[in-house]
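First comes the structure, then the notes that go with it.
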Amino acid sequence: HKDGCHLSAGTTNQKRLKILSPMKIDKTELYYSISPSDEELLKEDLGMEMFFDAFVKKNTNFKNMNLILDFSGLINIDLNKILLFSQISEAHRKNEKSFVIVCDGIEFDQVPEELIVVPTFKEAEDIIEMEEIERDLGI
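Counted the way the working numbering counts, the sequence shown spans residues 1396 to 1534.
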């Protein structure tokens, strides 16, 4: 049974990925909150690449959920690191799901329209709640 072997090998790889994952994932009824498991790591470019790669690999698990990427523990994150998530944000929005990034210390007026970036987690939750209401009302 090739399928059975493939499935068990995939399960082993998934368990291994979880152990090495640079992401911390919390789930509520309304959204997934994803944050770096090690904020020190993301200060380096390689750390953000690892986080982004892990996020992309798991993104199929998140595509039908509202997402909050929580970088609030990082001070003055480089805008280029945030821009990595532009295409994923656009895909989420086309799928009628919210995608909000929390970070402070960036020039918010330099953030492109396709990204929603807010300075606090509470604001991210508020945006998701408002967008859900808008979708329910067909706005």
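Heads up, the beta-carbon is just placed ideally off N, CA and C, and yes, glycines get one too.
query = For the beta strand (DSSP E) that contains Asp1499, what are its first and last residues?
reply = Per DSSP, Asp1499 belongs to the beta strand (DSSP E) from 1494 to 1499.
key: According to DSSP, residues forming a beta bridge with Met1418   = DSSP lists Pro1431 as partners of Met1418.
key: C-beta contact flag for Val1513 and Ile1522 at 8 Å   = In this structure, Ile1522 lies closer than 8 Å to Val1513 by Cβ.
query = Which one of Gln1505, Arg1488, Gly1500, Leu1479 has the shortest CA to CA distance from Glu1527?
reply = Closest by C-alpha distance to Glu1527, out of Gln1505, Arg1488, Gly1500, Leu1479, is Arg1488.
Alpha-carbon spacing of Ile1501 relative to Tyr1427, whole angstroms = Each residue's alpha carbon lies about 23 Å from the other.
inquiry  = Can you check which of these residues, Asn1490, Leu1478, Asp1421, is closest to Ile1496 by C-alpha distance?
reply    = For the residues Asn1490, Leu1478, Asp1421, the minimum Cα distance to Ile1496 belongs to Leu1478.
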